[in-house]
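Student: Keeping their order, the protein sequence lines are chains A and B.
Numbering-wise, my numbering comes out as the position in the first sequence, counting from 1, plus 118.
Numbering-wise, my numbering comes out as the position in the second sequence, counting from 1, plus 1.
Beta carbons: idealized from backbone N, C-alpha and C, even for Gly.
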Amino acid sequence: MSSQAEHAGSVHVEPGFFKKYCWSTDHKMIAMQYLFTGMAMAVIGGFLAYVFRMQLGFPNHNVPGFGIVTPGRYNAVVTMHGSIMIFWVAMPVLVAAFGNFLIPLMIGCDDMAFPRINRLSFQIFLLSSIVILGSFLVKGGAFGGAWTAYPPLSASGAYNLTPAGAVLWLLAVALEFVAFLLGGINFTVTVMNSRAPGMKMFDIPIVIWMIVLASLVFMASVGPLIAGAVMLLFDQTLSTGFYDPARGGDPLLWQHLFWFFGHPEVYVVLLPAMGIVAEILAVFSRKKLFGYKSMLYSTWAVGILSFVVWAHHQFVAGIDPRMANVFSVTTLLISIPVAEMVFLYIATLYGGSIRLDTPMLWALGFLAEFLIGGVTGIFLGASGTDIYLHDTYFLIAHFHYTFVPIAIISVFAAIYFWYPKMFGRMLNETLGKIHFWGTVIPFNVIFIPLFITGLAGDQRRVYSYAQFAEQSKPALQHLRTTSTIALLVMLSFQLFFIVNFFWSMRHGKLAGKNPWRSTTLEWTVPSPPPHGNFAELPTVYRGPYEYGLPGRDDDYWPQDAPH
Amino acid sequence: MLERYLTAASSYAHSIDHLFILIAVLVGFWLLVAEAVLFWLIFKYRAQEGRPSRHITGDEKELHRWITIPHMLVILCDIAIIIPAIIVWYNIKQAMPPAEQTVRVYAQQWAWSFQSPGPDGVFDTADDVRTVGELHVTVNTTYHFELMSRDVVHSFAVPAFRLKQDALPGRTIIGWFRPNRVGTYDIQCTQMCGLGHALMAGRVIVETPQDHAAWLLHGANPTMAETRTPSVSPDASSTRSGGLRASLEAFNVKADPTPVAEVRR
Numbered sequence: 119m120s121s122q123a124e125h126a127g128s129v130h131v132e133p134g135f136f137k138k139y140c141w142s143t144d145h146k147m148i149a150m151q152y153l154f155t156g157m158a159m160a161v162i163g164g165f166l167a168y169v170f171r172m173q174l175g176f177p178n179h180n181v182p183g184f185g186i187v188t189p190g191r192y193n194a195v196v197t198m199h200g201s202i203m204i205f206w207v208a209m210p211v212l213v214a215a216f217g218n219f220l221i222p223l224m225i226g227c228d229d230m231a232f233p234r235i236n237r238l239s240f241q242i243f244l245l246s247s248i249v250i251l252g253s254f255l256v257k258g259g260a261f262g263g264a265w266t267a268y269p270p271l272s273a274s275g276a277y278n279l280t281p282a283g284a285v286l287w288l289l290a291v292a293l294e295f296v297a298f299l300l301g302g303i304n305f306t307v308t309v310m311n312s313r314a315p316g317m318k319m320f321d322i323p324i325v326i327w328m329i330v331l332a333s334l335v336f337m338a339s340v341g342p343l344i345a346g347a348v349m350l351l352f353d354q355t356l357s358t359g360f361y362d363p364a365r366g367g368d369p370l371l372w373q374h375l376f377w378f379f380g381h382p383e384v385y386v387v388l389l390p391a392m393g394i395v396a397e398i399l400a401v402f403s404r405k406k407l408f409g410y411k412s413m414l415y416s417t418w419a420v421g422i423l424s425f426v427v428w429a430h431h432q433f434v435a436g437i438d439p440r441m442a443n444v445f446s447v448t449t450l451l452i453s454i455p456v457a458e459m460v461f462l463y464i465a466t467l468y469g470g471s472i473r474l475d476t477p478m479l480w481a482l483g484f485l486a487e488f489l490i491g492g493v494t495g496i497f498l499g500a501s502g503t504d505i506y507l508h509d510t511y512f513l514i515a516h517f518h519y520t521f522v523p524i525a526i527i528s529v530f531a532a533i534y535f536w537y538p539k540m541f542g543r544m545l546n547e548t549l550g551k552i553h554f555w556g557t558v559i560p561f562n563v564i565f566i567p568l569f570i571t572g573l574a575g576d577q578r579r580v581y582s583y584a585q586f587a588e589q590s591k592p593a594l595q596h597l598r599t600t601s602t603i604a605l606l607v608m609l610s611f612q613l614f615f616i617v618n619f620f621w622s623m624r625h626g627k628l629a630g631k632n633p634w635r636s637t638t639l640e641w642t643v644p645s646p647p648p649h650g651n652f653a654e655l656p657t658v659y660r661g662p663y664e665y666g667l668p669g670r671d672d673d674y675w676p677q678d679a680p681h
Numbered sequence: 002m003l004e005r006y007l008t009a010a011s012s013y014a015h016s017i018d019h020l021f022i023l024i025a026v027l028v029g030f031w032l033l034v035a036e037a038v039l040f041w042l043i044f045k046y047r048a049q050e051g052r053p054s055r056h057i058t059g060d061e062k063e064l065h066r067w068i069t070i071p072h073m074l075v076i077l078c079d080i081a082i083i084i085p086a087i088i089v090w091y092n093i094k095q096a097m098p099p100a101e102q103t104v105r106v107y108a109q110q111w112a113w114s115f116q117s118p119g120p121d122g123v124f125d126t127a128d129d130v131r132t133v134g135e136l137h138v139t140v141n142t143t144y145h146f147e148l149m150s151r152d153v154v155h156s157f158a159v160p161a162f163r164l165k166q167d168a169l170p171g172r173t174i175i176g177w178f179r180p181n182r183v184g185t186y187d188i189q190c191t192q193m194c195g196l197g198h199a200l201m202a203g204r205v206i207v208e209t210p211q212d213h214a215a216w217l218l219h220g221a222n223p224t225m226a227e228t229r230t231p232s233v234s235p236d237a238s239s240t241r242s243g244g245l246r247a248s249l250e251a252f253n254v255k256a257d258p259t260p261v262a263e264v265r266r
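1) Once the 5 residues before and after Leu299(A) are set aside, which same chain residues still bring their CB inside 7 Å of it?
2) State whether the stretch 325–332 of chain A contacts the stretch 291–310 of chain A, with contact taken as three or more CB pairs (one from each stretch) at a distance under 8 Å.
3) How about the stretch 432–442 of chain A and the stretch 479–495 of chain A: do they share at least three Cβ pairs that are nearer than 8 Å?
4) Tell me, please, whether the CB atom of Glu397(A) is closer than 8 Å to any CB atom in chain B?
5) If you draw a straight line from the C-alpha of Ser239(A) to the C-alpha of Phe295(A), how long is it?
6) Which first and last residues belong to the alpha helix (DSSP H) in which Trp480(A) is found?
7) Thinking C-alpha only, which one of Pro222(A), Ala435(A), Tyr674(A) and Val384(A) is nearest Pro656(A)?
8) Taking any Cβ of chain B, which residues in the stretch 263–281 of chain A have a Cβ under 7 Å from it, in chain order?
9) Let me make sure I understand the geometry here. Which of Ala400(A), Ile552(A), Leu350(A) and Ile505(A) has the alpha-carbon closest to that of Phe433(A)?
10) Quick one: grab the DSSP three-state call for Leu245(A).
11) Which residues in the same chain as Cys227(A) place their Cβ atom closer than 6 Å to its Cβ, once the five residues preceding and following it in sequence are excluded?
12) Could you tell me which of Phe21(B), Ser12(B) and Tyr13(B) sits nearest to Leu3(B), measuring between CA atoms?
13) Tell me whether the stretch 312–323 of chain A and the stretch 262–279 of chain A touch, counting them as touching only if at least three CB pairs, one residue from each stretch, are closer than 8 Å.
14) Rounded to whole angstroms, what's the CA-CA distance from Ser234(B) to Ala96(B)? Just pull it up for me.
15) Could you tell me the boundaries of the alpha helix (DSSP H) in which Tyr415(A) lies?
16) Give a yes or no on whether the minimum CB-CB distance between Glu458(A) and chain B is below 8 Å.
17) Would you say Leu288(A) reaches chain E, if we count a Cβ-Cβ gap shorter than 8 Å as a contact?
18) Over the uninterrupted beta strand (DSSP E) stretch that includes His155(B), give me the two end residues.
19) Run through chain B and tell me which residues come within less than 7 Å of Gln677(A), C-beta to C-beta.
20) Below 8 Å on the Cβ atoms is my guess for Val335(A) versus Val291(A); work out the distance and round it to an integer in Å.
21) Looking at Val138(B): is its Cβ nearer than 8 Å to the Cβ of Val205(B)?
22) What does Ala486(A) touch in chain B if you count any residue whose Cβ is under 7 Å from its own?
23) Taking a contact to mean a Cβ-Cβ separation below 8 Å, would you say Phe115(B) touches Thr126(B) in this structure?
24) Thinking C-alpha only, which one of Gly122(B), Gly176(B) and Glu135(B) is nearest His145(B)?
25) From the DSSP output, in three-state form, read off Gly176(B) for me.
26) Rounded to whole angstroms, what is the Cα-Cα separation between Leu7(B) and Ile242(A)?
27) I need the DSSP call for Ala14(B), collapsed to helix, strand or coil.
28) Pull up the distance between the alpha-carbon of Ser12(B) and that of Thr503(A), whole angstroms please.
29) On the CB-based measure, 16 or more other CB atoms within 10 Å of its CB, does Thr548(A) come out buried or exposed?
30) Report yes or no: do the stretch 528–542 of chain A and the stretch 596–613 of chain A share at least 3 C-beta pairs separated by less than 8 Å?
31) Which value, in whole angstroms, describes the spacing of the CA atoms of Arg66(B) and Leu293(A)?
32) Using a Cβ-Cβ cut-off of less than 7 Å, list which residues of the stretch 494–506 of chain A approach chain B; keep chain order.
33) Can you round the beta-carbon distance between Ala419(A) and Pro455(A) to whole angstroms, since I take them to be within the 8 Å contact cut?
34) Is any beta-carbon of chain B found at less than 8 Å from that of Val291(A)?
35) In angstroms with no decimal places, state the Cα-to-Cα distance between Pro648(A) and Glu36(B).
36) Assuming Val195(A) contacts Phe154(A) (C-beta within less than 8 Å), just tell me the rounded distance between them.
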């Protein structure tokens with residue numbers, strides 16, 4: 119097979135099915151592979167959420183399509199939900215799929231700098247997906263020690279009772295990191311070296327900047343965790359004692375290595391999401407991005423600060439209590455550049471001419487919801503209140519108010535916005551709007567009750583509150599049931615998207631080159647773009663957001679238009 | 002505000018609750034302002050015939066101050082939050098008021114057990130009081146706890162006390178609490194610890210000194226201890242308890258770990 123691949127050369131011949139869809143080095147096809155794999159994993163992650171929310175909303179009932187949720191299964195389901203949604207949905211879709219699709223198109227080149235590394239990256243990612251899904255089938259079932267995998271629980275089959283599942287989980291995560299390391303190198307090199315003539319640093323669309331910064335943050339933070347993962351793998355399989363205190367190891371070491379990666383990881387997925395939203399805000403308010411340079415500097419500040427906040431996940435983990443003061447300060451510090459970015463986004467709307475097409479609805483939905491996620495983080499970053507709120511549903515609700523806007527809302531924004539470029543046809547606006555309101559309203563109804571159950575002391579990762587008198591009040595159960603029902607509503611509204619997505623591929627209105635009248639380079643090529651993207655490589659004359667210029671016929675001025 | 006949802010039963014519970022309210026007011030203000038401005042701008046600058054968008058870079062001084070001023074205010078609010086947050090943290094986690102009593106807390110898959118030094122005030126003597134699942138304490142007394150884990154990472158959480166501290170195998174973590182309200186409160190494990198995580202419940206029973214003394218006598222009654230002996234004796238758990246795990250698994254983890262007190266002289 120690999121010898122065939124060697125022939126994928128300069129002369130373009132229409133490849134066969136396998137070569138076109140499974141063995142391609144074309145960045146757009148690899149983007150589609152990541153997108154569809156990520157969407158399939160999202161369906162699985164969503165199903166897992168359905169399973170454990172049903173157990174929490176209607177305890178000890180048979181869950182249709184799953185069965186009785188026993189404690190062991192519950193642990194596996196919540197662990198896999200977290201792992202899959204972060205590592206196999208948010209990462210591949212936000213960073214890999216949109217990074218691959220957008221970078222060459224938006225900087226004006228024909229493909230990534232290393233197309234074969236790109237292909238390898240997806241293949242390793244696919245392998246990691248197969249491994250993580252395969253772990254459901256092994257003896258003992260999938261790993262159930264939480265997505266943070268704290269040893270000694272994760273290190274010993276005698277403790278977690280899922281010896282095979284734990285090893286496979288770790289292998290899958292490590293493989294996934296390798297895939298994204300390859301991708302990250304590719305993204306950074308491509309953007310730094312393959313830009314169209316004339317595109318200076320400050321002419322790069324902000325979404326591309328953010329994907330590059332996310333890649334840099336990822337590459338700089340993942341090393342320690344890969345080392346940690348190898349040690350954990352040795353603890354699991356070779357009976358070493360890196361995390362075993364009885365043999366001189368230290369379980370806290372893993373927590374530091376994990377969160378040294380784990381917190382920057384939040385910003386690895388946040389930045390591309392914010393980039394996507396910035397592009398859409400500019401196009402649909404017909405406005406230059408407010409303070410491009412301020413935004414870029416804030417992004418850099420977020421990226422750098424994200425490396426010094428990790429221990430706020432460990433305030434009560436048994437670290438030296440004096441450390442909490444340092445990390446509490448850095449955590450609140452990072453709120454400053456993030457607040458600055460959000461202010462700049464809101465200010466971009468000022469003086470605009472705002473059209474509420476579906477992509478814009480999703481982008482504004484991101485802003486409105488992410489604000490809630492942002493401010494509730496302060497309660498957890500402040501060490502004093504974290505003592506009480508740590509590992510409660512308040513944290514769960516906060517976390518989802520950041521991650522659902524990031525991994526769901528902004529991804530939908532991006533899909534509605536770039537779908538015409540990907541498939542050459544428009545998505546249906548009416549179905550899109552039904553889908554938007556049917557997602558965003560239930561989303562709030564799911565998680566606002568969980569803020570309250572968290573304040574009332576509901577701890578996370580527990581399949582039943584029957585043992586806890588304070589948690590067994592009927593009022594709390596009503597809130598949990600409300601949340602579950604809202605989830606069912608939200609999941610069922612995703613049907614509108616699935617129907618819209620596949621129906622519009624064949625029957626949607628033809629999009630043309632530039633349906634949104636946008637300025638950036640991807641809209642200067644046919645939809646969908648042909649192999650090699652640009653018939654003639656473009657030259658860039660100006661920044662990416664020239665809207666509403668007085669004295670011009672059109673209200674936008676494409677980057678590649680000489681005058 | 003938090004007390005609407007859960008009783009506050011320790012001396013420092015209210016300081017956490019007050020900090021919560023302070024943060025809620027400050028960030029609530031910012032949330033409302035930001036959302037209001039966002040929706041107002043969406044409405045005000047909706048697309049209208051004959052009103053094109055304006056070309057604004059955002060570097061104009063008179064406009065950029067609308068970013069700079071809120072930016073400064075956010076920094077002020079951050080400072081207004083971080084100082085009380087650190088004070089609360091310092092008082093709870095760093096400053097240790099002198100102990101009037103000390104208790105050892107053992108976490109293991111999946112039970113809590115407790116050891117008090119008994120009348121002689123010395124641990125590991127014959128008069129130690131050992132209990133499983135139930136911690137009996139006297140109201141208005143400052144307790145130091147020595148928290149240990151016998152197997153994996155657990156977290157010792159008493160929501161009514163606003164107390165949470167992870168237990169790590171291989172080390173002893175010292176903390177404190179001072180219950181100030183008589184009653185029975187839940188002990189949770191808040192760190193994923195395996196199959197029986199949700200069953201790892203305990204109770205802390207805050208008693209008046211009289212009741213506590215009576216409990217010591219009452220619990221010491223050998224017949225009582227006989228009838229209420231749990232399936233696993235606390236002695237057996239001095240190493241990692243295979244017995245409890247086995248029994249939970251045998252019951253398909255339906256075993257009801259009703260807290261059982263047992264007192265040994």
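Tutor: Walking through what the data contain:
1) On the first sequence, position 181 is the one that residue 299(A) refers to. Correct list, in chain order: Met337 and Val340.
2) yes
3) no
4) For the purposes of this step, residue 397(A) is taken as residue 279 along the first sequence, with counting starting at 1. No, no contact with chain B.
5) Taking the first residue of the first sequence as position 1, residue 239(A) is located at position 121. Taking the first residue of the first sequence as position 1, residue 295(A) is located at position 177. If you take the alpha carbons of Ser239(A) and Phe295(A), they lie about 10 Å apart.
6) Residue 480(A) sits at position 362 when you count from the first residue of the first sequence. Where Trp480(A) is concerned, the enclosing alpha helix (DSSP H) stretches over Thr476 to Gly499.
7) Against the first sequence, residue 656(A) aligns to sequence position 538. The option with the nearest alpha carbon to Pro656(A) is Pro222(A).
8) Gly263, Ala264, Tyr268, Pro270, Leu271, Tyr277, Asn278 and Leu279
9) Along the first sequence, read from residue 1 onward, the residue named residue 433(A) stands at position 315. Residue Ile505(A) is the option with its Cα nearest to Phe433(A).
10) In the first sequence, counting from the first residue as 1, residue 245(A) sits at position 127. Leu245(A) falls in the helix class under three-state DSSP.
11) As a position in the first sequence, residue 227(A) is number 109, starting the count at 1. These residues qualify, in order along the chain: Ser312.
12) Within the second sequence, the letter at position 2 stands for residue 3(B). Checked all of Phe21(B), Ser12(B) and Tyr13(B); the closest Cα to Leu3(B) is Phe21(B).
13) no
14) If you number the second sequence from 1, residue 234(B) lands on position 233. If you number the second sequence from 1, residue 96(B) lands on position 95. Note that Ser234(B) has pLDDT 38, beneath the 50 cutoff, so the model's placement of it is unreliable and the number below is only indicative. For Ser234(B) and Ala96(B), the distance between alpha carbons rounds to 36 Å.
15) The residue you call residue 415(A) lines up with position 297 of the first sequence. Taken as a continuous stretch (DSSP letters only), the alpha helix (DSSP H) holding Tyr415(A) covers Tyr410 to Leu423.
16) Against the first sequence, residue 458(A) aligns to sequence position 340. Output row for Glu458(A): interface = yes.
17) You won't find chain E in this structure, because its protein chains are A and B.
18) Walking along the second sequence from the start, residue 155(B) turns up at place 154. Element bounds for His155(B): His155 to Val159.
19) As a first step, residue 677(A) is located in the first sequence; it is residue number 559 there, counting from the start. None at all; the shortest Cβ gap to chain B is about 16 Å.
20) Position 217 of the first sequence holds residue 335(A). Position 173 of the first sequence holds residue 291(A). No, Val335(A) and Val291(A) are not in contact; Cβ-Cβ is about 18 Å, not under 8 Å.
21) On the second sequence, residue 138(B) is found 137 positions in, with the first residue counted as 1. On the second sequence, residue 205(B) is found 204 positions in, with the first residue counted as 1. Cβ atoms of Val138(B) and Val205(B): closer than 8 Å.
22) Working through the first sequence from its first residue, we reach residue 486(A) at position 368. The contacting residues are Glu36 and Leu39.
23) As a first step, residue 115(B) must be located in the second sequence, where it is residue number 114. As a first step, residue 126(B) must be located in the second sequence, where it is residue number 125. Contact: no.
24) Here the question's residue 145(B) lines up with position 144 in the second sequence. Considering only alpha carbons, the answer is Gly176(B).
25) If you number the second sequence from 1, residue 176(B) lands on position 175. Three-state DSSP puts Gly176(B) in a strand.
26) The count along the second sequence starts at 1 and reaches residue 7(B) at position 6. The count along the first sequence starts at 1 and reaches residue 242(A) at position 124. The alpha-carbon atoms of Leu7(B) and Ile242(A) are separated by roughly 48 Å.
27) Here residue 14(B) is taken as the residue at index 13 of the second sequence, counted from 1. Helix, per DSSP.
28) Position 11 of the second sequence holds residue 12(B). Position 385 of the first sequence holds residue 503(A). Approximately 15 Å between the Cα atoms of the pair.
29) Position 430 of the first sequence, counted from the start, is the residue given in the question as residue 548(A). It counts as exposed.
30) no
31) Mapped onto the second sequence, residue 66(B) falls at position 65. Mapped onto the first sequence, residue 293(A) falls at position 175. Distance between the alpha carbons of Arg66(B) and Leu293(A): 47 Å.
32) Ile496, Phe497, Ala500, Ser501, Gly502, Thr503, Ile505 and Tyr506
33) Position 301 of the first sequence, counted from the first residue, corresponds to residue 419(A). Position 337 of the first sequence, counted from the first residue, corresponds to residue 455(A). At roughly 4 Å, the Cβ-Cβ gap stays under 8 Å, so Ala419(A) and Pro455(A) are in contact.
34) Here residue 291(A) is taken as the residue at index 173 of the first sequence, counted from 1. So, not an interface residue.
35) The count along the first sequence starts at 1 and reaches residue 648(A) at position 530. The count along the second sequence starts at 1 and reaches residue 36(B) at position 35. One C-alpha to the other measures close to 42 Å.
36) One-based indexing of the first sequence puts residue 195(A) at position 77. One-based indexing of the first sequence puts residue 154(A) at position 36. No, Val195(A) and Phe154(A) are not in contact; Cβ-Cβ is about 24 Å, not under 8 Å.
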